[in-house]
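Inspection log for the structure reproduced underneath, given as structure tokens.
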Amino acid sequence: MGTWGEDNFANDGARDYLAMLTTQLVATINSIESNSSRLELDEDGESMLMPSVEILALLCERAGAVPPKPGLVRRWAKKYLDLYDDTIDRIDPSPEYKAGRRKVIQNTFHWLESLADSYWTN
């Protein structure tokens, strides 16, 4: 196993583990995104998809994980934000929650997309 630094991800085994986690998160997001019933806000959309997007962005930013391609992140974001806009009123949220939650979702996707853009264009 090659080691090239002191941090927790500065060896081949740790990088392999990080790649495995990243692959699992992307697979989870893709699986939910491709299944309209799972994507619903009161199903896996809010309980698994959005946390997975945030964890993926965190791993990319903090640990140097390889992000997905920017186009894939944009596809996920568009589909989920469109669904959010079309269905959020079903749960009768306050206007503050509706706007605030949408902004958090949008910012989370934007964070991951920015990391992806930086990685794949350099």
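Using the numbering used here, read the sequence shown as starting at 189 and increasing by one per residue.
Every residue gets a Cβ at the ideal spot worked out from N, C-alpha and C, and that includes glycine.
Predicted model, so just to flag it, every value in this text is computed and none were measured.
**Study point:** Nearest candidate by alpha-carbon position, reference R262, set S219, L247, E231 and A304
**Key:** A304
Review point. L229 lies in the alpha helix (DSSP H); which residues open and close that run?
Key: Segment: none, L229 is in no alpha helix (DSSP H) and carries neither H nor E.
Point to revise | Identity of the residue in K291, T275 and G252 nearest Y307 by Cα | key: G252
**Study point:** For N199: DSSP bridge partner residues
**Key:** T191
Practice item. Spell out a yes or no on whether the segment 274-290 and the segment 235-244 are touching, meaning 3 or more CB-CB pairs, one atom from each, closer than 8 Å. Key: no
Practice item. Identify the continuous alpha helix (DSSP H) that holds A304 and give its terminal residues. Key: P283 to T309
Practice item. Answer with buried or exposed for E221, where buried requires no fewer than 16 other C-beta atoms within 10 angstroms of its C-beta. Key: buried
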